[in-house]
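Number of protein chains: 2
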Amino acid sequence: MAKNFSSREENYSQWYNDLVIKADLAENSAVRGCMVIKPYGYAIWEKMQQALDTMFKDTGHVNAYFPLFIPKSFFSKEASHVEGFAKECAVVTHYRLKNDPNGKGIIVDPDAKLEEELIVRPTSETIIWDTYRNWIQSYRDLPILVNQWANVVRWEMRTRLFLRTAEFLWQEGHTAHATSEEALAEARQMLDVYTNFAENWMAVPVLKGVKSPNERFAGAIETFCIEAMMQDGKALQAGTSHFLGQNFAKAFDVKFLSKENQLDYVWATSWGVSTRLMGALVMSHSDDNGLVLPPKLAPIQVVIIPIYRKAEQLGPISEKVDVLTKALKAKGISVKYDSRDSYTPGWKFNEYEFKGVPVRVAIGPRDIENGTAEVARRDNLTKEIVPIDSLADYIANLLDEIQVNLFERARSMRNSFTKKADTWEEFVAKLDEGGFIQAHWDGTSETEQKIKDMTKATIRLIPLEPEPEEGRCILTGNPSPHRVLFARAY
Amino acid sequence: MAKNFSSREENYSQWYNDLVIKADLAENSAVRGCMVIKPYGYAIWEKMQQALDTMFKDTGHVNAYFPLFIPKSFFSKEASHVEGFAKECAVVTHYRLKNDPNGKGIIVDPDAKLEEELIVRPTSETIIWDTYRNWIQSYRDLPILVNQWANVVRWEMRTRLFLRTAEFLWQEGHTAHATSEEALAEARQMLDVYTNFAENWMAVPVLKGVKSPNERFAGAIETFCIEAMMQDGKALQAGTSHFLGQNFAKAFDVKFLSKENQLDYVWATSWGVSTRLMGALVMSHSDDNGLVLPPKLAPIQVVIIPIYRKAEQLGPISEKVDVLTKALKAKGISVKYDSRDSYTPGWKFNEYEFKGVPVRVAIGPRDIENGTAEVARRDNLTKEIVPIDSLADYIANLLDEIQVNLFERARSMRNSFTKKADTWEEFVAKLDEGGFIQAHWDGTSETEQKIKDMTKATIRLIPLEPEPEEGRCILTGNPSPHRVLFARAY
């Protein structure tokens, strides 16, 4: 544990990096751009996975697994997809190493060159739709509601732990439908699933919308997204769900015989969230004392620390803790009792505060006399003396309260970071203050690109049901029927 | 569903392939040697993962994630490891594609050549021990008990679904310890965990032992293994646990300060099981009617099929089924009620038999009158009429009974396939009958290699506690202190 890390105000970016590394979430590896997800970080990701996987299954999806490698030619089949994904990627060209004949270690065997290069998947639409061609003949084979948990690789030039890494972990849903309506409804449903997860598990409020054509997924007709606001005023895309139309079905010749005995191309969606959410989680709630984790995703929800000087004082404390631990576990609450004598209580307080454990309980000899315990909340750093007999119920309620409080706090932050701008000057000035800027846009890709080039801000989303409001584009002055959401983003 | 597939006697190998594909477990993909694990197959793998993951955590392990790519130079650091793994592997040499200037699609960009090639991990000892160097300073940092669920790639020339694929899914445990004894105990503990899983979840009896030097993991001091016997008399290695000594610590310079203030290299283990277990599962229990799944790993444990001619007969059946389903689910039993009218009961019977669902319940109008149901077991294909009111308890017991029966049946099969041979002629003859051959061996690698060259049989294991018995090597006649286990193997 180390407290010598930057404050948010000093250097937000450095604070984030320090926190991720020093809180044992992840670290850089010997391989450029690839991270090691450490056990504490992975435990949070596992909780995310479990919650999402349950939601996917509750909405009728099943898991499957498709190959890591994709033949190079597959990327050429969907015209816009290749532009978006085939460029920066890891290319496998050989399948064997051999001893250097000159005795200089091992070298790539030039005789083991692949006939066709393989791309390490940056996303799996192509290989999956190549597979679906054999799975789908008639409407009876539809819908296909498949999800995959996998690693993917995108050769990013500038990487940051969790937020942008060459390899990352994610889930990608790939569904096939008989009608456009059904596919659209699926894409919308998964946006709702992501929203539910972000808000009720991560305690991160999100805005729902659709992407402008410039920001759309390569190969999609429509990209739905959820956008979150970080503490530094930058937006973060927390999940996307794509309506792919018949693009991939056409590219991979996937047709079905409808109920009406018509041959038609299949309709598709894809949707995904990744370990990037770990970055959003850290940046939404954590503070200058370290991590702050929402109870629903905390690997340890409650830590109990005994306070004692003499060895014989530990026995009675541990007895009480034993009863409390059982009561908490019976409620499905994860508890750690740290009775190590190699560290002081003060060191432990700092350690678990830094690691974002939502509730800390301290029990000393005087507590044993009084039948009490000290309960400290990580979210607002307050403490309370609580009768030990009612502690299990108290903590169960407190965890719920912390979960809600974190969400409310993040929502206030987000709301205070959401502003309107009606002129270019106002737009630029407010952008520099950070946050979402609601502004009018003339609806053209050219204007969006110009605004991006001038300010680094992009359209984060067009609201799903935009409030009609006649206005003038902040850049061109051309008419606009409603506002869209701009921000600088991760 | 399709019954037109080979019988085991006709062609065991074809029977296996047909079954895996037609039962929707997996199929070959467009990428040579890489499989698609289909939802039904993946659901079984998920059950395996859950059971193993719980066992790993119960023995103190945590999960983490390390990079997919390993710098080529890492493989040269552990001398024997490079021989075993770096040869047949996927090599990433470039990180970008570009449009062909001649307009022929996309090509690898020659300007985007990596300075050092990256190997897609065939196993992760090297990258993990390179990481552990920074995690370990003193004995206080030990032990490290980490597991990883991941995909790995080994460029196999001849592949078979699940049994040998270029990419496969697995878990790999990598632990670090302060003493040799502790590391050895860990390696042995994980062998016991694998044994427990194989026998009590997969219902596959296994023999425990150590590998001969020829069959040892590249870089290990000792490789512990469990070996199973398939219905065709061939052995299958179902899991390995390696005591790595200080080999990787020395290769990656991982030292720790002991309690006694001495600087020493760290002791290591690694252990893994893979989607290969899916192959073992299929080949252990299934028959000429299709899959047979042990209840503990069956995605659907009970299927209920209504038998009716007129639509109005379905209502009363469904009512009864509703009560039954709730009672079964309350016992943690997974149930599917297939009331689709687009398929006949006969078709459904075949379908679920083929898919290996352990228990089938059929309920028709006469059953409603009599308060009964027909219960069919997949393992021995017997049927029973059971009072519907006691059905939930009956089925719960039946599932346990089937689990035990499958194990016992597999054990009888294995035992009848285990024979002694004392002469070369006897050895060769019995080998051709299939199964494990207990025979004397002179303990040399040369003899083992000769036997392999002559018969394709390898030493599957040397028993952990071999029964002392003076004998003569079946090939050389040299003295041998105990028998070892030979077999032809997958």
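Sequences listed follow chains Z and H, in order. For the numbering used here, count along the first sequence from 1 and bump the result up by 1. For the numbering used here, count along the second sequence from 1 and bump the result up by 1. Backbone N, C-alpha and C fix where the C-beta goes; we use that ideal spot for every residue, glycine too. All figures in this text were calculated on a predicted structure; none of them were measured in a lab.
### Query
Residues in the region 186–212 of chain H with C-beta within 7 Å of chain Z's C-beta atoms, listed in sequence order?
Listed by position, the residues of the region 186–212 of chain H near chain Z (Cβ gap below 7 Å) amount to none.
#### Entry: Distance between residue 27/H and residue 291/H (C-alpha atoms, nearest Å)
Going from the Cα of residue 291/H to the Cα of residue 27/H covers about 15 Å.
### Message
Does residue 465/H pass the burial test, meaning 16 or more other C-beta atoms within 10 Å, or should it be called exposed?
### Response
Flag for residue 465/H reads exposed.
### Query
Closest Cβ-Cβ distance between residue 118/Z and chain H: below 7 Å?
Chain H, which has a Cβ nearer than 7 Å to the Cβ of residue 118/Z, makes this yes.
### Query
Looking at the unbroken alpha helix (DSSP H) that takes in residue 46/H, where does it start and where does it end?
Looking at the DSSP string, the run of the alpha helix (DSSP H) that includes residue 46/H is 40–59.
#### Entry: Cβ of residue 214/H within 7 Å of any chain Z Cβ
No, its Cβ sits nowhere closer than 7 Å to a Cβ of chain Z.
#### Entry: Residue environment, residue 214/Z, which counts as buried when at least 16 other CB atoms sit within 10 Å
Exposed, because fewer than 16 other Cβ atoms sit within 10 Å of the Cβ of residue 214/Z.
### Task
Return the residues of the region 72–86 of chain Z that lie within a Cβ-Cβ distance of less than 8 Å from chain H, sorted by chain order.
Within the region 72–86 of chain Z, 72, 73, 74, 75, 76, 77, 83 place their CB atoms closer than 8 Å to a CB of chain H, listed in sequence order.
### Message
Tell me the residue span of the alpha helix (DSSP H) that contains residue 84/Z.
### Response
From DSSP, the alpha helix (DSSP H) with residue 84/Z extends over 80–86.
### Query
Does DSSP classify residue 12/Z as helix, strand or coil?
Of the three classes helix, strand and coil, the one that applies to residue 12/Z here is coil, per DSSP.
### Query
What distance in whole Å lies between the Cβ atoms of residue 227/H and residue 199/H, which are believed to be in contact at a cut-off of 8 Å?
That pair is a contact at about 6 Å.
### Cβ of residue 106/H within 7 Å of any chain Z Cβ
Chain Z, which has a Cβ nearer than 7 Å to the Cβ of residue 106/H, makes this yes.
### Message
I'd like to confirm the pairing. Which residues does DSSP put opposite residue 89/H in its beta bridges?
### Response
DSSP output for residue 89/H lists 97/Z as bridge partner(s).
### Task
Would you mind telling me which residues of chain Z sit closer than 8 Å to residue 341/H, beta carbon to beta carbon, in chain order?
Around residue 341/H, no beta-carbon contact reaches into chain Z at under 8 Å, the shortest distance being about 10 Å.
### Query
Which of helix, strand or coil does DSSP assign to residue 3/Z?
For residue 3/Z, the pLDDT reaches just 49, beneath the cut-off of 50, and the residue's location in the model is therefore unreliable, although a value from the coordinates is still provided. Three-state result, residue 3/Z: coil.
### Message
Give me the subset of the region 36–47 of chain Z whose CB atoms are less than 9 Å from a CB atom of chain H, sorted by chain position.
### Response
Within the region 36–47 of chain Z, the residues whose Cβ lies closer than 9 Å to some Cβ of chain H are 36, 37, 38, 39, 40, 41, 42, 43, 44, 46, 47, listed in chain order.
### Task
Note down, one range per segment and in chain order, each beta strand (DSSP E) of at least 3 residues found wholly within the region 386–454 of chain Z.
Runs of the beta strand (DSSP E) inside the region 386–454 of chain Z: 419–421, 437–441.
### Query
Span of the beta strand (DSSP E) holding residue 369/Z?
Secondary structure note for residue 369/Z: it is in no beta strand (DSSP E), and the uninterrupted alpha helix (DSSP H) holding it is 366–371.
### Query
If we call anything under 7 Å between Cβ atoms a contact, is residue 174/Z one with residue 272/Z?
In contact: residue 174/Z and residue 272/Z (Cβ atoms closer than 7 Å).
### Query
Is it buried or exposed for residue 269/H, if we count other Cβ within 10 angstroms and need 16 for buried?
So residue 269/H counts as buried.
### Query
If you count every other CB in all the chains shown that lies within 10 Å of the CB of residue 313/H, and 16 or more means buried, which is it?
It counts as exposed.
### Message
If you measure between the beta carbons of residue 298/H and residue 45/H, is that distance less than 7 Å?
### Response
Yes, the pair counts as a contact, with Cβ atoms nearer than the cut-off.
### Chain-ordered chain H contacts of residue 147/Z [CB-CB under 7 Å]
Ordered by position in chain H, the residues that pass the 7 Å Cβ test against residue 147/Z are 40.
### Query
How about the region 395–404 of chain Z and the region 431–445 of chain Z: do they share at least three Cβ pairs that are nearer than 8 Å?
Flag = no, the region 395–404 of chain Z and the region 431–445 of chain Z do not touch.
### Query
Looking at the structure shown, is residue 263/Z part of a helix, part of a strand, or coil, going by DSSP?
It is coil, neither helix nor strand.
### Query
What do you get for residue 238/Z, buried or exposed, if any count of 16 or more other CB atoms within 10 angstroms of its CB means buried?
Residue 238/Z counts as buried, since at least 16 other C-beta atoms from the protein chains shown sit within 10 angstroms of its C-beta.
### Task
Give the secondary structure of residue 103/Z by DSSP, where H, G and I count as helix, E and B as strand, and everything else as coil.
In this structure, residue 103/Z counts as coil in the three-state DSSP scheme.
#### Entry: CB-CB length for residue 67/Z against residue 128/Z, believed under 8 Å
Between residue 128/Z and residue 67/Z the Cβ distance is about 5 Å, and since that is below 8 Å, they are a contact.
### Task
Spell out whether any CB of chain Z is found under 7 Å from the CB atom of residue 65/H.
Yes, contact with chain Z.
### Reduced DSSP secondary structure (H/G/I, E/B, other) of residue 208/H
Of the three classes helix, strand and coil, the one that applies to residue 208/H here is strand, per DSSP.
### Query
Going by beta carbon distance, what residues of the same chain come within less than 7 Å of residue 265/H, once the five residues before and after it are set aside?
Answer for residue 265/H: 256, 257, 259, listed in chain order.
### Proximity below 7 Å, CB of residue 477/H to CB of residue 448/H
With respect to the 7 Å criterion, residue 477/H and residue 448/H are classified as neighbours on the basis of their beta carbons.
### Task
Could you please give me the residues that DSSP links to residue 377/H through a beta bridge?
Beta bridge pairing from DSSP links residue 377/H with 361/H, 384/H.
### Task
Leaving out five residues on either side along the sequence, give the residues of the same chain with a beta carbon under 7 Å from the beta carbon of residue 136/H.
These residues qualify, in order along the chain: 142, 145.
### Query
Alpha carbon to alpha carbon, how far is residue 378/H from residue 487/H?
So the two alpha carbons sit approximately 35 Å from each other.
### Task
Specify, as a first and last residue, the run of the beta strand (DSSP E) that residue 223/H falls within.
For residue 223/H, the enclosing beta strand (DSSP E) covers residues 223–230.
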